[in-house]
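S.K.: Got a structure here, written out as structure tokens. Questions coming.
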Amino acid sequence: MTQQVEVTANLTNDKVQFSGASRSNPAVKCDYFPPIGDGEGYTGLELLLMSLAVCSATAIVHLLRKMGRDVSGFRVNARGVRKDALPMTFGKIFLDYVVTSRDVEDLDIGKAIRLAEESYCPVWALLRDNVQIVTEHRKERA
Numbered sequence: 000m001t002q003q004v005e006v007t008a009n010l011t012n013d014k015v016q017f018s019g020a021s022r023s024n025p026a027v028k029c030d031y032f033p034p035i036g037d038g039e040g041y042t043g044l045e046l047l048l049m050s051l052a053v054c055s056a057t058a059i060v061h062l063l064r065k066m067g068r069d070v071s072g073f074r075v076n077a078r079g080v081r082k083d084a085l086p087m088t089f090g091k092i093f094l095d096y097v098v099t100s101r102d103v104e105d106l107d108i109g110k111a112i113r114l115a116e117e118s119y120c121p122v123w124a125l126l127r128d129n130v131q132i133v134t135e136h137r138k139e140r141a
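For the sequence shown, position 5 matches number 4 in numbering that gives the first Met the number 0, and the numbering has no gaps at all.
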């Protein structure tokens, strides 16, 4: 069975501001920096970076819990370094994962990150052949 994901983006001003939504979720304001846009929303690259952060974090948290580990908190700090030439895509992305848990071990986190990269995160799969993705992780005790 083919699964589809659909979004709609509508122009909302006389520059390049858009309102984007999927299903019945609240709209996300998207825009670009002045003078092209007004800078009043997320850029496409910010949304792409956020998508990778959320997708990979979802997979990692799910996998850690499936391993029987307690995950009471999880944060991802994502940073993309853009290339100098057009199109100014990301040349490198850094993902820093911070897991709050009473029983998770470094090996568990490393395994979950590898599985997210290799099998569970579709956004990572789309990006991995086009941009270098560097990960770090640390744990905080609950």
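Think of the CB as a built atom: it goes at the ideal place given N, C-alpha and C, for glycine as much as any other residue.
Being a predicted model, the structure only gives us computed values, none of them experimental.
#1: Where THR42 and LEU85 are concerned, what is the direct C-alpha to C-alpha distance, given to the nearest angstrom?
#2: Excluding the 5 residues flanking ALA77 on each side, which residues of the same chain have their C-beta closer than 6 Å to its C-beta?
#3: Compute the Euclidean distance between the alpha carbons of ILE108 and ALA124, then round it to the nearest angstrom.
#4: Taking only the alpha-carbon atoms, compute the straight-line gap between ILE59 and GLN2 and give it to the nearest angstrom.
#5: Roughly how many angstroms separate the alpha carbons of VAL98 and ARG81, rounded to a whole number?
#6: Return the first residue and the last residue of the beta strand (DSSP E) that LYS14 is part of.
#7: Let me know the secondary structure DSSP gives VAL4 once reduced to three states.
#8: Within 10 angstroms of its Cβ, does VAL70 collect 16 or more other Cβ (buried), or is it exposed?
#9: Would TYR111 and LEU63 qualify as a contact pair, given that the criterion is a beta-carbon distance under 8 Å?
#10: Return the CA-CA distance between VAL130 and GLU116, expressed in angstroms with no decimal places.
M.R.: On the basis of the data shown:
#1: Approximately 16 Å between the Cα atoms of the pair.
#2: LEU48, ALA52 and LEU94
#3: 19 Å
#4: 23 Å
#5: One alpha carbon belongs to VAL98, the other to ARG81, and they sit about 27 Å apart.
#6: No beta strand (DSSP E) holds LYS14; DSSP gives it neither H nor E.
#7: coil
#8: buried
#9: Tyr is not the amino acid found at residue 111; the sequence shown has Ala there. For ALA111 and LEU63, yes; Cβs fall inside 8 Å.
#10: 13 Å
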